[in-house]
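S.K.: Right, I'll just put the structure down here and ask away after.
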Ligand SMILES: [Zn+2]
């Protein structure tokens, strides 16, 4: 048999235990042989990887691809030189000088926890950009600030449930819109033309491939305030057709893009998308994933629903973005209609509510291998860990949150509950197949940084957040490859370097299981389905 390519001269970390072999053969986009079985195979190409290490392509189980691509064009407010709210105003004023009056100034990535002076406000933004419409998105995606030119166009008498418009002591809106209140902006900014979304996907694709990512699960298209257009899947299909999307993408569908569908009385599939499209539809490159729904908000924004109050917040316990009764009914309908469900829940009160709902629907309508998920699963009480494992629920935490947002989390929840933050090891010990993800662009999504944070759990301020939740390197690598694939029903196709698997891998400058500092490892090349899609040093 003449195979397409035989790769050698590298440590290929194969199988569930990452056992190293020195040769790997690829044919028609799949791995066909390893080690001695591959060595003597006749091949069209032989590539020597010059002593590199090769891992299964990184798989980001919760990622906002188009949002990330769009953010690359926006005013960056999370950069190191933006340290105070005055720096934000100066950046807005500088952008205003470049843009014609009346146009939008869109900024992203600000975090009031890291800014001297806290949240920006409308009044000061009006002074910085008196002739523009200003919209600054919080790094978490859970809130934003707008100026008066935007506020006057919002229907402030009809604030959606599960969100609020913040007012100052005098009763005027400060410009801060939290959670669902951001939906007030939709009539002004949506839908975004589909070609702009396609271009954002193209940019994001390019960046992620260079970082060794080969698969992503996009956490919610077509609805919410993150969804860019109701026809968002069309942008992905266009990107595929134009050959500018090499990543394998599983798109979750925002719950508010789904609806009751007409079906026969005896059919259970009565909720979802037209034609009965549901989780699993698509091919190896582009597939429909879970229904994505929000239970609550974020820890650093203090909007996640907690059992006990936040530290120093006058008894505030956060709130539900989707009222529990509606959450229950939507999840029930989606479950009965055959969807995987991915519910954003960060506070322990939200996690409890979601577990109650999952248990209820699974008891009433058992379904083997449902793989319902809890996105983030930020604060998990000790008794909730066993419940998650027993119900077969997959928690989807973000290692990088610990580094970038960990200090804000500790001050929001205090030392005791910090031990329950973004658990990893506890889930593994309970028998969960743990995925890894970044929630990019909320934090830096480079997987090698994510791996380091899964292992070290060190905050930017230098604290260690719940040392008992640290993973070994092999556990972290498994989460970022096989574990994520499992969370997206793809573990038989991607996530391992083994015969029969798709030939998706990252060529690294050093073995991540052995190197001193994971953050120093470079991605030399990335291969998807046997095609070289990134090649930094002319290796292959
Ligand atoms: Zn997200």
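Numbering (our numbering), first residue to last: 3 to 542. Idealized CB from N, CA, C, for every residue including glycine.
#1: For ligand 1, I want to know if residue 256 counts as a neighbour, meaning its beta carbon is within less than 8 Å of at least one of the ligand's heavy atoms.
#2: Taking 8 Å as the cut-off, is the C-beta of residue 222 nearer than that to any heavy atom in ligand 1?
#3: Once you ignore the five residues that flank residue 162 on each side, which residues in its own chain have a CB closer than 7 Å to its CB?
#4: Tell whether a beta-carbon distance below 9 Å holds between residue 336 and residue 260.
#5: Suppose you measure from the CA of residue 62 to the CA of residue 133; what does that come to, to the nearest Å?
#6: On a CA-only basis, which of 506, 30, 392, 495 is nearest residue 211? Give me that one, please.
#7: Counting pairs of Cβ atoms below 8 Å between the region 278-297 and the region 325-340, do you hit three or more?
#8: For residue 528, which residues in the same chain have their Cβ closer than 6 Å to its Cβ, ignoring the five residues on either side in sequence?
#9: Where does residue 5 fall in DSSP's three states?
#10: What are the boundary residues of the alpha helix (DSSP H) that includes residue 185?
#11: Taking one C-beta from the region 78-94 and one from the region 108-128 each time, how about it: are there three or more such pairs within less than 8 Å?
#12: For ligand 1, is there any heavy atom lying closer than 8 Å to the beta carbon of residue 181?
#13: Does the distance from the C-beta atom of residue 424 to that of residue 404 stay below 9 Å?
#14: I believe residue 247 touches residue 256 by the beta-carbon criterion, under 8 Å. Please report the beta-carbon distance rounded to the nearest angstrom.
#15: For residue 414, which residues of its own chain have a beta-carbon under 7 Å away from its beta-carbon, when the five flanking residues on both sides are left out?
#16: Alpha helix (DSSP H) containing residue 305: first to last residue?
#17: What ranges does the alpha helix (DSSP H) occupy inside the region 471-537, keeping only unbroken runs of at least 4 residues that lie completely in it?
#18: Which residue comes first and which comes last in the beta strand (DSSP E) that contains residue 145?
#19: Answer yes or no: do residue 135 and residue 190 have a C-beta to C-beta separation smaller than 9 Å?
#20: Evaluate residue 159 with the Cβ neighbour count: other Cβ atoms within 10 Å of its Cβ, from every protein chain shown; 16 or more gives buried, anything less gives exposed.
#21: Quick one: is the Cβ of residue 62 within less than 8 Å of any heavy atom of ligand 3?
#22: Tell me, which residues are paired with residue 324 by DSSP?
#23: Which residue comes first and which comes last in the alpha helix (DSSP H) that contains residue 401?
#24: Excluding the 5 residues flanking residue 391 on each side, which residues of the same chain have their C-beta closer than 6 Å to its C-beta?
#25: Within the same chain, show all residues whose beta-carbon is closer than 8 Å to that of residue 56, passing over the 5 residues directly before and after it, in chain order.
#26: State the CB to CB distance for the pair residue 234 and residue 199, rounded to an integer number of angstroms; the pair is presumed to be in contact (CB under 8 Å).
#27: Where residue 169 and residue 329 are concerned, what is the direct C-alpha to C-alpha distance, given to the nearest angstrom?
#28: So, is residue 262 buried or exposed, given that buried needs 16 or more other C-beta atoms within 10 angstroms?
#29: Could you tell me which of 151, 291, 407 sits nearest to residue 177, measuring between CA atoms?
M.R.: In terms of the structure at hand:
#1: no
#2: yes
#3: 182, 183, 185
#4: yes
#5: 40 Å
#6: 506
#7: With the cut-off at 8 Å, the region 278-297 and the region 325-340 touch.
#8: 211, 214, 508, 535, 536
#9: Residue 5 falls in the strand class under three-state DSSP.
#10: Run containing residue 185: none; DSSP gives neither H nor E here.
#11: yes
#12: no
#13: yes
#14: Not really, about 20 Å apart at Cβ, beyond 8 Å.
#15: 301, 302, 304, 312, 313
#16: It is not in any alpha helix (DSSP H) - residue 305 carries neither H nor E in the DSSP assignment.
#17: 475-480, 486-489
#18: 145-148
#19: yes
#20: Around the beta carbon of residue 159, a 10 Å sphere encloses fewer than 16 other beta carbons of the protein chains shown; the residue is thus reported as exposed.
#21: As far as ligands go, the structure on display features ligand 1 and does not contain ligand 3.
#22: According to DSSP, residue 324 bridges with nothing at all.
#23: Start and end: 401-420.
#24: 432, 433, 434
#25: 9, 12, 13, 14, 15, 26, 499, 507, 508, 509, 510
#26: Between residue 199 and residue 234 the Cβ distance is about 6 Å, and since that is below 8 Å, they are a contact.
#27: 28 Å
#28: exposed
#29: 151
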